[in-house]
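Following: one structure in C-alpha coordinates, then a few remarks.
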(Lines of atoms letter the chains of each structure in order from A and count residues from 1; the text may use other names and numbers.)
(Lines give C-alpha, C1' and ligand atoms only; values in the text may rest on other atoms or scores of the structure.)
Protein backbone atom coordinates (compact mmCIF):
# COMPACT_ATOMS: atom_id res chain seq x y z
CA UNK A 1 0.00 0.00 0.00
CA UNK A 2 1.30 3.49 -0.80
CA UNK A 3 0.63 6.70 1.12
CA UNK A 4 1.67 10.23 0.62
CA UNK A 5 2.94 12.26 3.57
CA UNK A 6 4.63 15.65 3.45
CA UNK A 7 5.06 15.32 -0.30
CA UNK A 8 6.82 11.98 0.06
CA UNK A 9 5.48 8.64 -1.08
CA UNK A 10 5.54 5.99 1.62
CA UNK A 11 5.30 2.35 0.59
CA UNK A 12 4.10 -0.12 3.19
CA UNK A 13 4.90 -3.76 2.53
CA UNK A 14 3.56 -6.83 4.25
CA UNK A 15 6.04 -9.52 5.38
CA UNK A 16 5.78 -11.51 2.14
CA UNK A 17 6.34 -8.45 -0.06
CA UNK A 18 9.28 -7.38 2.10
CA UNK A 19 10.85 -10.84 1.78
CA UNK A 20 10.53 -10.67 -2.03
CA UNK A 21 12.23 -7.26 -2.09
CA UNK A 22 15.08 -8.61 0.07
CA UNK A 23 15.53 -11.59 -2.26
CA UNK A 24 15.80 -9.31 -5.28
CA UNK A 25 18.49 -7.25 -3.52
CA UNK A 26 20.45 -10.32 -2.48
CA UNK A 27 23.73 -10.84 -4.30
CA UNK A 28 23.99 -13.81 -6.60
CA UNK A 29 26.87 -15.37 -8.45
CA UNK A 30 26.61 -17.15 -11.76
CA UNK A 31 28.42 -20.48 -11.79
CA UNK A 32 29.32 -23.18 -14.29
CA UNK A 33 28.24 -26.60 -12.97
CA UNK A 34 30.28 -29.65 -13.98
CA UNK A 35 31.08 -33.14 -12.75
CA UNK A 36 34.40 -34.72 -11.80
CA UNK A 37 34.70 -38.29 -10.58
CA UNK A 38 30.95 -38.59 -10.06
CA UNK A 39 30.64 -35.44 -7.90
CA UNK A 40 29.17 -32.05 -8.83
CA UNK A 41 31.38 -28.98 -8.72
CA UNK A 42 31.04 -25.39 -9.85
CA UNK A 43 33.25 -22.40 -10.56
CA UNK A 44 32.36 -18.76 -10.99
CA UNK A 45 31.41 -18.06 -14.59
CA UNK A 46 33.55 -14.91 -14.39
CA UNK A 47 36.58 -17.22 -14.00
CA UNK A 48 35.80 -19.09 -17.23
CA UNK A 49 36.49 -17.99 -20.78
CA UNK A 50 34.83 -20.79 -22.75
CA UNK A 51 33.95 -24.48 -22.77
CA UNK A 52 35.15 -26.68 -25.64
CA UNK A 53 35.07 -30.31 -26.67
CA UNK A 54 38.44 -31.95 -25.97
CA UNK A 55 40.59 -31.52 -29.08
CA UNK A 56 43.65 -33.60 -29.87
CA UNK A 57 45.95 -33.16 -26.89
CA UNK A 58 49.73 -33.39 -27.22
CA UNK A 59 51.34 -35.12 -24.24
CA UNK A 60 54.19 -33.34 -22.48
CA UNK A 61 57.09 -35.60 -21.41
CA UNK A 62 57.95 -35.62 -17.69
CA UNK A 63 55.02 -33.34 -16.81
CA UNK A 64 53.22 -33.76 -13.48
CA UNK A 65 50.48 -36.40 -13.49
CA UNK A 66 47.72 -33.77 -13.45
CA UNK A 67 48.96 -32.27 -16.75
CA UNK A 68 47.13 -33.99 -19.61
CA UNK A 69 49.12 -32.10 -22.23
CA UNK A 70 48.83 -29.03 -24.44
CA UNK A 71 46.51 -27.91 -27.23
CA UNK A 72 46.61 -25.26 -29.90
CA UNK A 73 43.41 -23.24 -29.58
CA UNK A 74 43.17 -20.70 -32.40
CA UNK A 75 46.94 -20.16 -32.34
CA UNK A 76 47.29 -20.07 -28.54
CA UNK A 77 49.14 -22.94 -26.81
CA UNK A 78 47.17 -23.94 -23.71
CA UNK A 79 48.08 -26.44 -20.98
CA UNK A 80 45.28 -28.89 -20.18
CA UNK A 81 44.99 -30.06 -16.58
CA UNK A 82 43.06 -32.96 -15.11
CA UNK A 83 42.36 -31.72 -11.60
CA UNK A 84 40.98 -35.12 -10.65
CA UNK A 85 44.67 -36.14 -10.31
CA UNK A 86 45.41 -32.87 -8.50
CA UNK A 87 42.66 -33.59 -5.94
CA UNK A 88 43.23 -37.34 -5.74
CA UNK A 89 39.82 -38.18 -7.26
CA UNK A 90 39.05 -41.24 -9.36
CA UNK A 91 40.03 -40.82 -13.01
CA UNK A 92 37.60 -41.69 -15.77
CA UNK A 93 38.26 -42.73 -19.36
CA UNK A 94 37.50 -40.15 -22.04
CA UNK A 95 33.79 -39.99 -22.96
CA UNK A 96 31.71 -38.00 -25.44
CA UNK A 97 30.41 -35.83 -22.56
CA UNK A 98 33.88 -34.63 -21.49
CA UNK A 99 34.65 -30.96 -21.93
CA UNK A 100 37.54 -28.59 -21.35
CA UNK A 101 36.83 -25.47 -19.32
CA UNK A 102 39.16 -22.71 -20.50
CA UNK A 103 40.09 -20.08 -17.91
CA UNK A 104 42.35 -17.08 -18.12
CA UNK A 105 41.87 -15.98 -14.51
CA UNK A 106 45.67 -15.96 -14.05
CA UNK A 107 46.35 -13.89 -17.16
CA UNK A 108 47.20 -16.82 -19.41
CA UNK A 109 44.73 -19.44 -20.58
CA UNK A 110 44.66 -22.90 -18.98
CA UNK A 111 42.19 -25.71 -19.64
CA UNK A 112 40.57 -27.89 -16.99
CA UNK A 113 39.13 -31.28 -17.96
CA UNK A 114 35.56 -31.98 -16.79
CA UNK A 115 33.69 -35.29 -17.07
CA UNK A 116 30.60 -33.32 -18.07
CA UNK A 117 29.54 -29.67 -18.08
CA UNK A 118 25.97 -29.60 -16.85
CA UNK A 119 24.67 -26.05 -16.69
CA UNK A 120 25.16 -22.43 -15.72
CA UNK A 121 23.04 -21.26 -12.80
CA UNK A 122 22.76 -18.36 -10.39
CA UNK A 123 23.32 -19.01 -6.70
CA UNK A 124 22.51 -16.60 -3.90
CA UNK A 125 25.70 -15.90 -1.98
CA UNK A 126 23.84 -16.30 1.32
CA UNK A 127 23.15 -20.01 0.66
CA UNK A 128 26.82 -20.86 0.13
CA UNK A 129 28.04 -22.62 3.25
CA UNK A 130 31.66 -22.99 4.40
CA UNK A 131 33.47 -26.10 3.15
CA UNK A 132 32.42 -29.23 5.03
CA UNK A 133 34.94 -30.54 7.52
CA UNK A 134 35.05 -33.96 5.84
CA UNK A 135 36.82 -32.51 2.79
CA UNK A 136 40.47 -33.42 3.06
CA UNK A 137 43.76 -32.43 1.47
CA UNK A 138 43.88 -30.22 -1.55
CA UNK A 139 40.14 -30.35 -2.16
CA UNK A 140 39.54 -28.69 1.23
CA UNK A 141 42.24 -26.11 0.56
CA UNK A 142 40.82 -25.02 -2.80
CA UNK A 143 37.10 -25.07 -1.98
CA UNK A 144 35.19 -21.83 -1.34
CA UNK A 145 32.14 -23.63 0.01
CA UNK A 146 29.16 -25.71 -0.99
CA UNK A 147 25.46 -25.34 -1.53
CA UNK A 148 22.46 -27.48 -2.26
CA UNK A 149 20.62 -27.02 -5.55
CA UNK A 150 17.55 -29.24 -5.64
CA UNK A 151 18.76 -32.62 -4.45
CA UNK A 152 22.36 -32.04 -5.59
CA UNK A 153 25.20 -30.68 -3.50
CA UNK A 154 27.58 -28.43 -5.43
CA UNK A 155 31.14 -27.86 -4.27
CA UNK A 156 32.25 -24.34 -5.22
CA UNK A 157 35.91 -24.46 -6.24
CA UNK A 158 38.23 -21.47 -6.06
CA UNK A 159 39.54 -21.70 -9.62
CA UNK A 160 41.77 -18.66 -9.22
CA UNK A 161 43.45 -20.18 -6.17
CA UNK A 162 43.85 -23.56 -7.91
CA UNK A 163 45.48 -22.01 -10.96
CA UNK A 164 47.76 -19.85 -8.80
CA UNK A 165 49.07 -22.73 -6.66
CA UNK A 166 52.83 -23.21 -6.78
CA UNK A 167 52.80 -26.39 -8.92
CA UNK A 168 50.60 -24.86 -11.61
CA UNK A 169 52.38 -21.49 -11.47
CA UNK A 170 55.69 -23.30 -12.08
CA UNK A 171 54.09 -25.11 -15.00
CA UNK A 172 52.90 -21.82 -16.51
CA UNK A 173 56.37 -20.32 -16.09
CA UNK A 174 57.97 -23.36 -17.71
CA UNK A 175 59.87 -24.48 -14.60
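In the working numbering, the protein residues as written are 4 to 178.
All C-beta atoms, glycine included, are put in the ideal place defined by N, C-alpha and C.
Keep in mind it's a predicted model, so treat the numbers as computed, not measured.
Item to complete: Note down the Cα distance separating residue 144 from residue 91, rounded to an integer number of angstroms.
Response: If you number the chain shown from 1, residue 144 lands on position 141. If you number the chain shown from 1, residue 91 lands on position 88. So the two alpha carbons sit approximately 13 angstroms from each other.
Worksheet item: In three-state terms, what does DSSP make of residue 129?
Response: Taking the chain shown and counting its residues from 1, the one referred to as residue 129 is at position 126. The answer is helix: DSSP assigns residue 129 an H, G or I state.
Discussion item. Considering Cα atoms alone, identify which of 150, 105 and 118 is closest to residue 163.
Written reply: Position 160 of the chain shown holds residue 163. For residue 163, the nearest C-alpha among the options comes from 105.
Worksheet entry | Where residue 77 falls, given that 16 or more other Cβ within 10 Å makes a residue buried | Residue numbering aside, residue 77 sits at position 74 when the chain shown is read from its first letter. By the 10 Å Cβ count, residue 77 comes out exposed.
Item to complete: Measure the C-alpha to C-alpha separation of residue 158 and residue 19 and round it to an integer number of angstroms.
Response: Here the question's residue 158 lines up with position 155 in the chain shown. Here the question's residue 19 lines up with position 16 in the chain shown. In this structure, the CA atom of residue 158 is about 31 angstroms from the CA atom of residue 19.
Item to complete: Check residue 155 in the structure and name its three-state DSSP category.
Response: Translated into the one-based positions of the chain shown, residue 155 becomes position 152. Of the three classes helix, strand and coil, the one that applies to residue 155 here is strand, per DSSP.
Worksheet item: Using DSSP with H/G/I as helix, E/B as strand and the rest coil, what is residue 112?
Response: Along the chain shown, read from residue 1 onward, the residue named residue 112 stands at position 109. If DSSP states are grouped into helix, strand and coil, residue 112 belongs with coil.
Practice prompt. Could you pull out every residue in the same chain whose Cβ sits closer than 8 angstroms to the Cβ of residue 29, ignoring the five residues on either side in sequence?
Written response: As a first step, residue 29 must be located in the chain shown, where it is residue number 26. Result list for residue 29: 127, 128 and 129, in chain order.
Worksheet entry | Alpha carbon of residue 97 to alpha carbon of residue 133, nearest angstrom | Start at 1 with the first residue of the chain shown, and residue 97 comes out as number 94. Start at 1 with the first residue of the chain shown, and residue 133 comes out as number 130. One C-alpha to the other measures close to 32 angstroms.
Fill in: Endpoints, beta strand (DSSP E) assigned at residue 77
The residue labelled residue 77 in the question sits at position 74 within the chain shown. Unbroken run through residue 77: none, as it is neither H nor E.
Worksheet item: How should residue 114 be labelled, buried or exposed, when 16 other C-beta atoms within 10 angstroms of its C-beta is the threshold for buried?
Response: Locating residue 114 in the chain shown gives position 111, counting from the first residue. With 16 or more other Cβ atoms within 10 Å, it is buried.
Worksheet item: What residues are listed by DSSP as bridge partners for residue 149?
Response: Residue 149 sits at position 146 when you count from the first residue of the chain shown. DSSP lists 132 and 158 as partners of residue 149.
Worksheet entry | Assigned secondary structure, residue 121 (DSSP; H/G/I helix, E/B strand, else coil) | Position 118 of the chain shown holds residue 121. Three-state result, residue 121: strand.
Worksheet item: What is the residue span of the beta strand (DSSP E) that residue 55 lies within?
Response: One-based indexing of the chain shown puts residue 55 at position 52. Unbroken beta strand (DSSP E) run through residue 55: 53–55.
Worksheet item: In terms of residue numbering, what span does the alpha helix (DSSP H) encompassing residue 140 cover?
Response: Within the chain shown, the letter at position 137 stands for residue 140. Where residue 140 is concerned, the enclosing alpha helix (DSSP H) stretches over 140–144.
Discussion item. Contact defined as beta carbons within less than 8 angstroms: I believe residue 100 pairs with residue 119. What is the distance between those atoms, to the nearest angstrom?
Written reply: Within the chain shown, the letter at position 97 stands for residue 100. Within the chain shown, the letter at position 116 stands for residue 119. Yes, residue 100 and residue 119 are in contact; Cβ-Cβ is about 4 angstroms, under 8 angstroms.
Discussion item. Can you list, in chain order, the residues of its chain with a C-beta nearer than 7 angstroms to that of residue 83? Leave out the 5 residues immediately preceding and following it.
Written reply: Position 80 of the chain shown, counted from the first residue, corresponds to residue 83. Same-chain partners within the cutoff: 60, 71, 72, 73, 74, 103, 114 and 116.
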